[in-house]
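If you want the numbering used here, it's the position in the sequence shown, counting the first as 1, plus 295. Every residue, glycine too, gets a C-beta built ideally from N, C-alpha and C. One structure below.
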Amino acid sequence: MPSPSQTNGHSPLPCPSWVYSNHSDTHVAKDRSWFGDDYLHFESFFDDMMGFASHVVGVGTVVLPVETQPTATGLARHGTLRLEKVLHCPDSLCNIIGNPIHDSHIVVIGPFGTHGGEVLDPSTRLPVAYFTRASEEVSLPQLKLSEPPIGPVVGLSPFRSSRAYMIHAFWPSSERARFAALEHHARPRTQ
């Protein structure tokens, strides 16, 4: 049974849903806990498909503990997926994996017999992560995270079967340029 804090919309646990949105030009994470040490506070925004803006409070790298294949066993079952320049948007419905994933991986969307798609290492063509099959809750591919104790304890899915969802994130080039300038000045200088 979920705790009261999980049912009132303010769960202290991170959102478990990492949805692949091939039309999004950026990655988005809802919770600060997903980010690593390179997180930079940065006030910005991204637009959705309808043109509505969502407030961004930071940008950084996310390393997700993932399952590599549904049939893998032992240590081969688990790996990590690194996403860079992920926007931190606490008001986002869910986490979004956008088109920048294609800069470092190959994404193949199914359906396959046991899953809905794969993320492949481009040099080996081996799976590093996979997407679950579409469900009544959401028809978009969702990344399969490793469960505890390898992965984190996560909150409840934000998706409900009685609703339709359009998940998109577009980060304007003017905002990208502002972040690039901040990132350049925030980076330690070497001599």
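LEU335: first and last residue of the uninterrupted beta strand (DSSP E) it sits in: 335-342
Pairwise C-alpha distance: VAL449 and MET296: Residue placement at MET296 cannot be trusted, given a pLDDT of 35 that sits under 50; what the coordinates show is reported in the next sentence. MET296 and VAL449: Cα-Cα distance of roughly 14 Å.
Reference LEU370, options PHE330, LEU382 and PRO444, closest by Cα: PRO444
Under 8 Å between C-beta atoms of LEU335 and LEU438: No, they are not a contact pair.
Distance cut-off 7 Å: PRO417 Cβ against heavy atoms of the ligand ATP: Because no ligand of any kind appears in the structure shown, any question about the ligand ATP cannot be addressed here.
Three-state class that DSSP yields for PHE465 in the structure shown: strand
Spatial neighbours of MET461 in its chain, beta-carbon cut-off 6 Å, leaving aside the 5 residues before and after: MET344
THR302 (DSSP reduced to helix, strand or coil): Low confidence applies here, because THR302 scores a pLDDT of 40, under 50, leaving its location unreliable; read the following figure in that light. Helix at THR302.
Simplified DSSP assignment, three categories, for GLY369: helix
Status (buried if at least 16 other CB within 10 Å, exposed otherwise) for GLY411: GLY411 should be labelled buried.
Cβ-Cβ distance between LEU339 and GLU470 below 8 Å: Note that residue 339 is Ser in the sequence shown, not Leu. Cβ atoms of SER339 and GLU470: closer than 8 Å.
Endpoints, the beta strand (DSSP E) within which GLY355 is located: 348-362
CB of HIS322 within 8 Å of CB of LEU388, strictly: With a cutoff of 8 Å on beta-carbon distance, HIS322 and LEU388 are scored as not near each other.
Proximity below 8 Å, CB of LYS380 to CB of VAL354: yes
Candidates PRO417, GLN364 and PHE337: closest to PHE474 by CA position: PHE337
Classification of HIS400 by the beta-carbon crowding that lies within 10 angstroms, buried from 16 upward: buried
Option nearest PRO406 by Cα separation, candidates PHE426, PHE347 and PRO417: PHE426
DSSP beta-bridge partners of ASN390: TRP313, per the DSSP bridge assignment.
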